[in-house]
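Numbering (the working numbering), first residue to last: 1240 to 1829. Positions of the beta carbon are idealized from the N, C-alpha and C atoms, including for glycine. Structure, as structure tokens:
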């Protein structure tokens, strides 16, 4: 370059050369379409009779997706087509290091097998980077520098404490690297740079948080997990630290629900659901019962708020199973602890159990299973009464009120909501006071003998309180209920305006089920006005959302779609609603 500076060199390499004149262009994995085309071309070069058919298209697509567009992996997988059909190959991808290799004599050893390629990069790493790579394998969907430091740094590893579990001594198995004093955090930073430089990590900057989100390819993560398994005590400590970190992460963000930051909180939790799910599965599988119960509560609560009821119920069932194990198999060292510590742990477990029953009841409410909802609420109420927890008692009574209202027992619903309203001021919970005013209002609205002016008063008070506290979800709910009240009073314009005002709040929260309910209500107004095209579009949009979320409300939206179509036909109109286009547009907007 010094002899002839005008010459431009194009060099492909695993890592940047570090030259001052170097201009780096990072090569990303292939897109899905590119990967599929490359795989088919390379497979046909090995087996000319190979072709894409209706029977193997899905398998080829899934192979390419699983291999994440990595050229070497695709090349090696294509070479297997001489022996395996795509479906057989797909079934064996869990053993990709054993399957993905070739004996081609014209390739260097590091390109003859996927493991060899990663081995080559691994051996170029410093010892701290090798250790960090293994520890980072616990992250299921990537991580930030903050995440990595909290979970993987030597300081946090050695000082980790795990609530409700036996302390783990790991000095004998944990490789402690010889860092100079105060360099733990810096080492994580430097080692991540090393891993990034060797193309073992990729990174993208989040436009909103301006943090880099690092991700390992699946094959690299599988390799790193093998390294982590080599030191069981190391793995146990890292996984426990990972679980505690994401438990605290979820608890902190869930505390922002019912406030101005709810949309941000849900987005942050969306980004880490795979990590939180992975910690729940690990604690459940490895009998870390206290951690498992706490993680089940936070993840189930998040799924419930997202409208994913089946997923939330599964979490709560796992959590209740875990606390049963805690009660049945008390920690061996508990009897040696001071009585006040034992009492604190006992109360914490009782609180956890009560919270799980309460949230499980909320999910059954969303699932429209009223009997199970009532059973859960009663179980929760018993425990909250034992704890003297006014907030919890109010929430359990609220669930019993919702069960009674759903069954049309409006006097019982009023009693429960009024009792709940008495508990919330004692707990200084004005947000929950608003919940009871909202529910008393909709009870008066739905009761044929209800006081509609009282309904309006309760709903307006709920709306005032919710606006004061910035409860975006609550504001949308009460506006929707005001729309229902106006509908009952035959004020279609006021009802439409209330629904239209609620909709942006639900969209901001990406609350698909509630968006669907608002659209359903608006469709009924369009139906009443005999605007069949508008009614059809709104009803179909609601139906699509309920279908995507596997919501029991779908039976109502499907019936409305059919009714609107019949009424339009009776009026001599033919409706054409592009359901697939609606699916695409709703998928983008939510």
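Residues of the same chain with a CB within less than 7 angstroms of the CB of residue 1640, apart from the 5 flanking positions on each side, are 1652, 1655, 1656, 1659 and 1678 in chain order.
With distances taken between CA atoms, residue 1444 lies nearest to 1382 out of 1382, 1474, 1492 and 1477. Closest by C-alpha distance to residue 1752, out of 1473, 1289, 1602 and 1474, is 1602. Here DSSP, grouped into helix, strand and coil, assigns residue 1441 to strand.
Cβ neighbours of residue 1387 within its own chain (closer than 7 angstroms, five residues either side excluded): 1375, 1427 and 1431. Distances from the alpha-carbon of residue 1505 to those of 1541, 1296 and 1594 put 1541 closest.
Between the alpha carbons of residue 1518 and residue 1550 lies a distance of about 15 angstroms. For residue 1523, no beta strand (DSSP E) encloses it; the enclosing alpha helix (DSSP H) starts and ends at 1512–1524. Its Cα nearest to that of residue 1448, the residue 1385 stands out among 1627, 1477 and 1385. Secondary structure of residue 1667 (DSSP, three-state): coil. When the beta-carbon positions are compared, residue 1494 and residue 1747 stay at least 7 angstroms from each other. Secondary structure note for residue 1555: its alpha helix (DSSP H) is the uninterrupted segment 1548–1567.
Assignment of residue 1785 by DSSP, reduced to helix, strand and coil, places it in the helix class. Taking C-beta atoms under 8 angstroms as the contact rule, residue 1691 and residue 1731 fail to qualify, at a distance of about 16 angstroms. Listed in chain order, the non-local C-beta contacts of residue 1497 below 6 angstroms within the same chain comprise 1670 and 1710, local neighbours out to five positions each way being set aside. From the listed residues 1486, 1268, 1302 and 1309, the smallest Cα separation to residue 1328 is found for 1302. Counting only residues of its own chain and dropping the five nearest sequence neighbours on each side, residue 1289 has a CB closer than 8 angstroms to the CB of 1279, 1282, 1283 and 1320.
Straight through space, the alpha carbons of residue 1272 and residue 1300 are spaced by roughly 9 angstroms. In the structure shown, residue 1454 adopts extended strand secondary structure according to DSSP, grouped into three states. Beta bridge pairing from DSSP links residue 1278 with no other residue. Straight through space, the alpha carbons of residue 1627 and residue 1706 are spaced by roughly 30 angstroms. The C-alpha of residue 1592 is placed about 19 angstroms away from the C-alpha of residue 1610. In the displayed model, residue 1382 falls within a strand according to three-state DSSP. Within a 10 Å sphere around the beta-carbon of residue 1246 sit fewer than 16 other beta-carbons, which makes this residue exposed. Residue burial annotation: residue 1767 is exposed, with fewer than 16 other C-beta atoms found within 10 angstroms of its C-beta. Short of 7 angstroms from the beta carbon of residue 1623, and not among the five residues preceding or following it, lie these beta carbons of its own chain, in chain order: 1593, 1631, 1632 and 1635.
Nearest Cα to residue 1380 within the set 1308, 1454 and 1744: 1454.
By the Cβ neighbour-count rule, residue 1308 is buried, with 16 or more other Cβ atoms within 10 Å of its own. Annotation: the continuous alpha helix (DSSP H) that includes residue 1755 extends over 1751–1767. If you check the CB distance, residue 1717 and residue 1698 come in under 7 angstroms. Within its own chain, the residues whose Cβ lies closer than 6 angstroms to the Cβ of residue 1557, once the five positions on either side in sequence are excluded, are 1523 and 1535, listed in chain order.
For residue 1723, the enclosing alpha helix (DSSP H) covers residues 1711–1727.
If you check the CB distance, residue 1775 and residue 1785 do not come in under 7 angstroms.
The Cβ atoms of residue 1782 and residue 1800 lie closer than 7 angstroms to each other. Counting other Cβ atoms within 10 Å of its Cβ, residue 1526 stays below 16 and is therefore classed as exposed.
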